[in-house]
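Asker: Using full-length UniProt numbering, you'd call the opening residue of the first sequence number 1 and step up by one each time.
Even glycine gets a Cβ: it sits at the ideal position worked out from N, Cα and C.
Everything numeric in this text was worked out from a predicted model, so none of it was measured.
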Amino acid sequence: METLFGDQLEQSVASSGSFADIILPVPIPKMFTYKIPRSLKEEIGIGYRVIVQFGKKKILTGIVGKVHQKPPTAYDAKPILDVLESHASVNPVQIRFWAWMAQYYCCHIGEVMNAALPSGLKLSSESKIQLNPTFDPDTCAYPLDEREEVLLKALQKKEEMSFEDCESVLGIKSIHGIIKSLVIKEAVVVFEQVKEKYSPKVENRIRLTSNFVEDKSSLEKLFHEISTKPKQEEILLKYLQEVPVYRQAGLNKNGLEKKVLTDAGMSTSSLKTLIKNGVLEEFKIIVSRFEDEAGSDSPIVLTHKQLEAQVKIKEAFEKKHTVLLHGITGSGKTELYITLIQEALQGGSQVLMLLPEIALTTHMVSRLRQVFGSSMGVYHSKYSDNERVEVWNGLLSGKFSFVVGVRSSIFLPFDSLGLLIVDEEHESSYKQYDPAPRFHARDAAIMLAWLHQAKTLLGSATPSFESFYNARTDKYGYASLDKRYGEAQLPEFHLADMLIDKKKNLLKLDFTRLMREKIQEALVNQEQVLIFQNRRGYAPYVSCEDCGWIPECEHCDVSLTYHQFGEEMRCHYCGFREKVPHVCPGCGSSKISAVGVGTERIEESLSLLFPEARIARMDLDTTRSKYGYQRLLDDFGAGNVDILVGTQMITKGLDFDRVTVVGVMDADRILYFPDFRAGERAFQQITQVAGRAGRRGKKGHVVIQSRRPEQAIFHQIISGDYRNFYLQEMGERQRFFYPPFVKMIKVSTRHKDYKTAERAARHLHNLMAEIQVKKILLGPEKGLIGKIKNQYIFESVVKLDRSSHAQAHFKQELQQQLEALQAEKDFRSVRFIVDVDPY
DNA sequence: AGCACGCCGACT
DNA sequence: GTCGGCGTGCTC
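Below is the structure:
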């Protein structure tokens, strides 16, 4: 009976039309069902980009996730307005990948879509107004004021106007009221115009009209005719010189860039005349934003060690999907990557290589460019949106089969990935923090590889403990490169005790005697120095010397960061800024001074200690512009800088032979960070920066300043004993239940009211405690930063059993609990943020 | 997330 | 009296 009824239902539905579940870029945990109009029925499939109306006003780009015959019961589905392309923009593997990501990282598929599509592929709609055709100013029941009259006049000429047009016509900013009143008076109507944001780059070109190409004698005749007009003759000669049509008639088809002629100082008016007389014609073509470059085919010759590693990797790939390549700095991982990429490409597969953002502008990319030329796409966060869309489309069209890119390039539309490489796999910048999806690109890459049945190679000089653990437990394959390239030697390490120097009065402006001596030596020998301090700005904060008062942000629970520029204090969380007061508001003292050390301050100290040295600084503040980073690198490479002070950034990709001294200003700052990964991170960062010292021939020196130089970690770093360090730290992690022995999930609760935030967090905590999974639950505690942007934060940490079953179960339950909590009216405005594998 | 609907304070 | 504050509810 039931089946029969079901069948009948199916049938009646099938005749009533098809439906599509559409992924929309909104943070709502579901897809939305729309009707497929009969006219679009043949043109729609999974992964197609469509336009739909969402809510009363919004027009959105959506991606078809599913096509079916089941009409929604509770509501009437709206129709799909249009299909944007005749092909799927997003392939089925991508959709599965999105779905996995939403599930694994506890976020909504719309949020994944938002992160995945370059904004150039998302539509924007613009509100425009137009005259109401039924409107007659003479019979209008309402009087119109002056401005309204002006707008209506303008509209009669232009037919339609954007709000911005209205602003410029009236010369005022607040036009909303006027438009609203005109709408009420039924004089105009407002409508939404949908726009594609991506615009291809168009080039103006010039070519001979066809009659001069087909018939050679006509060209001779032409030259004869214009011999009295030298300007025109010059243009024609230039054209024929650039485009030798007489030798190869086909060349004329693509013509010559107009700019070539005008830039060469040819007369534009003569050019116009030639066009007018039908000799030349102007046309437009769509060109790539990326320059064409040929790759070199000079084969890469691997060293014996590299070959060994290569064989090992390939053997491991036979049995494992993922292989960890543990190669110390300067061991030639790049060459190894190149040969593997070439092989994969020759096998007809696509290749994706991930790099941390700061490494992407360097050496590695130019090296790859040399080999792969313009068949390699580069996907960088500093690229414009149009450029990103071109990489996206280049992949769809087959122009690129190899892409190097940052974290977000895992979302590009690959359809046949064969190999993924994650270089500097341990880098924490692979984890996206702030907007959901809070994913880790390395882990997501491994999943993506699985979906494509591709292989993943993780490379690092200092692997993350997670990856090393996976290699040791045989989940991943393992290969190592432990010999430096050429005759490069390991640097000599020096530990400098800051406390002892301070007692002996040898600590000058935060520099120990040893550090100063080594720098001096390098300067005398005309060698370069790198100074590493993991904090930008001048000094972390200011403080009153008399009463200890420290200024704090009004909206967040943090002290304000001091910036020397403008004598200002800023909040790094909400952007609040304030002038440094002249007198302490607590005690009236005027002794307010900067405390702590940032790169800016070190730069200043260095110029006092070494007045003759040329000093530069490299941090977020000096490299914000698109080429700022490259300029600094070039300057340093050219030897125009003696000492370079910097944050993390200097640990990447700098490959200069003349660096002989590397200084770590404050190793304790990294080591005593309140996080279980602090040790691992300190090891990685110090090892990485030390790797910059003394590459070819000359031995380098690394000076590490610390208040407790006797700690074991320093000796492990010095001897390069990653293994022992790992084993020791892992002992701790196992004892105290930290990853990789457990799966961590952090849940934050935010609300503007302290009590509500706390209550909601408690509530959630209790609900989580009831989920039947092996786990340890910590919290809820006030966040490390208790308040951000006037929102109080409480955090619970879940340490879960590692089994995927436990994880899936817990996440599913958690999602349900969260939905239920949000439905309670007390917690309606509370925000819950789930961060899986927080970093 | 946005955006509309709806109920209470300071302005013409 | 109204303009506008943001609490709350919904989006196929």
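Cα separation between residue 724 and residue 203?
Answerer: Going by the C-alpha atoms only, they are around 60 Å apart.
Asker: Ignore the nearest five residues each way along the sequence and tell me which others in residue 773's own chain have a CB closer than 7 Å to its CB.
Answerer: 800, 801, 806, 809, 810
Asker: Could you round the C-beta distance between residue 836 and residue 438 to whole angstroms and report it? I think they count as a contact, below 8 Å.
Answerer: 7 Å
Asker: Rounded to whole angstroms, what's the CA-CA distance from residue 451 to residue 89? Just pull it up for me.
Answerer: Looking at the two C-alpha atoms, the distance is approximately 18 Å.
Asker: Shortest alpha-carbon distance to residue 822 belongs to which of 793, 761, 771?
Answerer: 761
Asker: Please determine, among 29, 796, 729, the residue with the shortest C-alpha to C-alpha distance to residue 744.
Answerer: A check of alpha carbon separations from residue 744 across 29, 796, 729 identifies 796 as the nearest.
Asker: Tell me, which residues are paired with residue 456 by DSSP?
Answerer: 322, 420
Asker: Between the region 420 to 427 and the region 389 to 399, are three or more C-beta pairs nearer than 8 Å?
Answerer: no
Asker: Note down, one range per segment and in chain order, each alpha helix (DSSP H) of at least 4 residues found wholly within the region 197 to 248.
Answerer: 210 to 214, 216 to 226, 230 to 242
Asker: Which class does residue 295 belong to by DSSP, given the choice of helix, strand or coil?
Answerer: coil
Asker: Quick one: Cα of residue 342 to Cα of residue 453, how far?
Answerer: 18 Å
Asker: Say whether the region 156 to 169 touches the region 209 to 222, bearing in mind that this needs 3 or more beta-carbon pairs closer than 8 Å, one atom from each stretch.
Answerer: no
Asker: Using CA coordinates, which residue listed in 32, 86, 98 is at the minimum distance from residue 68?
Answerer: Comparing Cα-Cα distances from residue 68 to each of 32, 86, 98, the minimum goes to 32.
Asker: Can you name the start and end residues of the alpha helix (DSSP H) that residue 792 belongs to?
Answerer: Taken as a continuous stretch (DSSP letters only), residue 792 belongs to no alpha helix (DSSP H), being part of the beta strand (DSSP E) at 791 to 800.
Asker: Would you say the region 517 to 524 touches the region 709 to 724, given that touching needs at least three Cβ pairs under 8 Å?
Answerer: Cβ pair count under 8 Å is below three, so no.
Asker: On the CB-based measure, 16 or more other CB atoms within 10 Å of its CB, does residue 824 come out buried or exposed?
Answerer: Exposed: under 16 other Cβ atoms inside 10 Å.
Asker: For residue 463, count neighbouring C-beta atoms within 10 Å of its own C-beta (all shown protein chains included) and say buried if the count is 16 or more, exposed if not.
Answerer: buried
Asker: To the nearest angstrom, how far is the alpha carbon of residue 310 from that of residue 322?
Answerer: 14 Å
Asker: By DSSP's criteria, residue 161 is part of a beta bridge. Which residues make up the other side?
Answerer: 129
Asker: I'd like the list of long-range same chain contacts for residue 25, defined as Cβ closer than 6 Å, with 5 residues on each side in sequence excluded.
Answerer: 110, 113, 114
Asker: Counting beta carbon pairs with one atom in the region 316 to 336 and one in the region 466 to 478, are three or more of them shorter than 8 Å?
Answerer: yes
Asker: According to the neighbour-count rule (16 or more other Cβ atoms, all chains shown, within 10 Å of its Cβ), is residue 818 buried or exposed?
Answerer: Residue 818 should be labelled buried.
Asker: What span of residues does the alpha helix (DSSP H) with residue 533 cover, start to end?
Answerer: No alpha helix (DSSP H) holds residue 533; DSSP gives it neither H nor E.
Asker: Three or more C-beta pairs closer than 8 Å, one from the region 586 to 594 and one from the region 529 to 548: is that the case here?
Answerer: yes
Asker: How long is the line joining the alpha carbons of residue 662 and residue 813, rounded to whole angstroms?
Answerer: 50 Å
Asker: Since residue 438 is in the alpha helix (DSSP H), which residue starts that stretch and which ends it?
Answerer: Here residue 438 belongs to no alpha helix (DSSP H), and DSSP marks it neither H nor E.
Asker: Tell me whether residue 236 is buried or exposed, calling it buried when 16 or more other Cβ atoms sit within 10 Å of its Cβ.
Answerer: By the 10 Å Cβ count, residue 236 comes out buried.
Asker: Spell out the partners DSSP gives residue 829 in its beta bridges.
Answerer: DSSP output for residue 829 lists no bridge partner at all.
Asker: Start and end of the beta strand (DSSP E) containing residue 501?
Answerer: Where residue 501 is concerned, there is no enclosing beta strand (DSSP E), although the alpha helix (DSSP H) it sits in stretches over 498 to 503.
Asker: Please state whether DSSP places residue 60 in a helix, a strand or coil.
Answerer: strand
Asker: For a test of the three-state rule: what should DSSP assign to residue 3, helix, strand or coil?
Answerer: Note on residue 3: pLDDT 36, under 50, position unreliable in the model; the coordinate value appears next. It is helical.
Asker: If we require 3 or more residues per run, which beta strand (DSSP E) segments fall completely within the region 559 to 608?
Answerer: The beta strand (DSSP E) runs lying completely inside the region 559 to 608 and spanning 3 residues or more are 561 to 563, 568 to 570, 577 to 579, 592 to 595, given in chain order.
Asker: Could you spell out the range, first to last residue, of the beta strand (DSSP E) harbouring residue 111?
Answerer: Per DSSP, residue 111 belongs to no beta strand (DSSP E); it is in the alpha helix (DSSP H), 109 to 116.
Asker: Among 720, 446, 308, 790, which one has its Cα closest to the Cα of residue 574?
Answerer: Cα-wise, what sits closest to residue 574 is 790.
Asker: For residue 268, count neighbouring C-beta atoms within 10 Å of its own C-beta (all shown protein chains included) and say buried if the count is 16 or more, exposed if not.
Answerer: Exposed: under 16 other Cβ atoms inside 10 Å.
Asker: Need the endpoints of the beta strand (DSSP E) that residue 404 sits in, please.
Answerer: Unbroken beta strand (DSSP E) run through residue 404: 402 to 405.
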